[in-house]
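Chemist: Numbering (my numbering), first residue to last: 277 to 478. We treat Cβ as the ideally placed atom computed from N, Cα and C, and that holds for glycine.
See the structure below:
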């Protein structure tokens with residue numbers, strides 16, 4: 277990653293902010309279910325919070341990669357902890373979480389041009405946080421305007437879920453709901469071919 281602040285850094289930070297927005301929705305869901313919840317305080321105390329300022333006003337330009345990696349770690353822990361907290365306090369909240377992720381995917385999809393399968397996949401890659409660009413978490417197997425097939429190359433999320441006592445399967449279940457919401461909202465079809473391979477058809 278470049279040592280000079282450039283488009284790739286804004287691209288990554290937008291993905292970080294998107295995940296933070298998901299966490300905010302989960303916090304509000306928890307607050308609606310448990311009037312006395314201190315979830316936000318726990319998250320802020322344990323992992324910190326994302327500052328609401330322009331990237332160029334916050335980032336350490338002498339350590340761009342390290343600064344962004346810290347924010348990736350922050351929002352990964354916050355998501356894993358928030359979901360795990362909610363499910364431990366109310367196991368029946370899974371359906372609400374699934375609905376939240378689907379609806380968020382569908383809402384975000386409406387703000388993108390999704391003319392074909394390749395564009396939908398690109399847009400998803402612009403939104404979903406999968407570690408740092410150098411992690412190469414996803415591998416495209418085949419791609420054209422009508423169909424994209426890709427697989428998960430590595431999992432960059434599991435360590436965070438293990439650390440908070442969560443289940444990585446929960447993450448992928450909710451991620452799949454987001455994918456379905458986004459892709460369905462784009463007028464396309466999502467197919468999970470196996471545990472690591474997915475397909476978009478339009």
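Does the segment 317-330 come within contact of the segment 376-387, defined as at least 3 CB pairs closer than 8 Å?
Modeler: Because the criterion of three Cβ pairs below 8 Å is not met, the segment 317-330 and the segment 376-387 do not touch.
Chemist: Considering only residues of the same chain and omitting the five flanking positions on each side of residue 489, which have a CB-CB separation below 7 Å?
Modeler: Residue 489 is absent from the model: the chain starts at 277 and stops at 478.
Chemist: What residues in its chain sit with their C-beta under 6 Å from that of residue 334, if we drop five residues either side in the sequence?
Modeler: Around residue 334: 327.
Chemist: In this structure, does DSSP put residue 414 in helix, strand or coil?
Modeler: Residue state, collapsed to three classes: strand.
Chemist: Considering only their Cβ atoms, is the gap separating residue 476 from residue 403 smaller than 8 Å?
Modeler: Against a cut-off of 8 Å, the Cβ pair of residue 476 and residue 403 comes out as no contact.
Chemist: Buried or exposed for residue 412, please, with buried defined as at least 16 other CB atoms from any protein chain shown within 10 angstroms of its CB.
Modeler: Residue 412 should be labelled exposed.
Chemist: Would residue 386 pass as a contact of residue 461 if the rule is Cβ separation under 8 Å?
Modeler: Cβ distance < 8 Å, so residue 386 and residue 461 count as in contact.
Chemist: I want to know whether the segment 435-447 touches the segment 352-365 - three or more CB-CB distances under 8 Å.
Modeler: Yes, the segment 435-447 is in contact with the segment 352-365.
Chemist: Between which two residues does the alpha helix (DSSP H) harbouring residue 460 extend?
Modeler: Element bounds for residue 460: 444-461.
Chemist: For residue 428, which beta-bridge partners are listed by DSSP?
Modeler: Beta-bridge pairing links residue 428 to 414.
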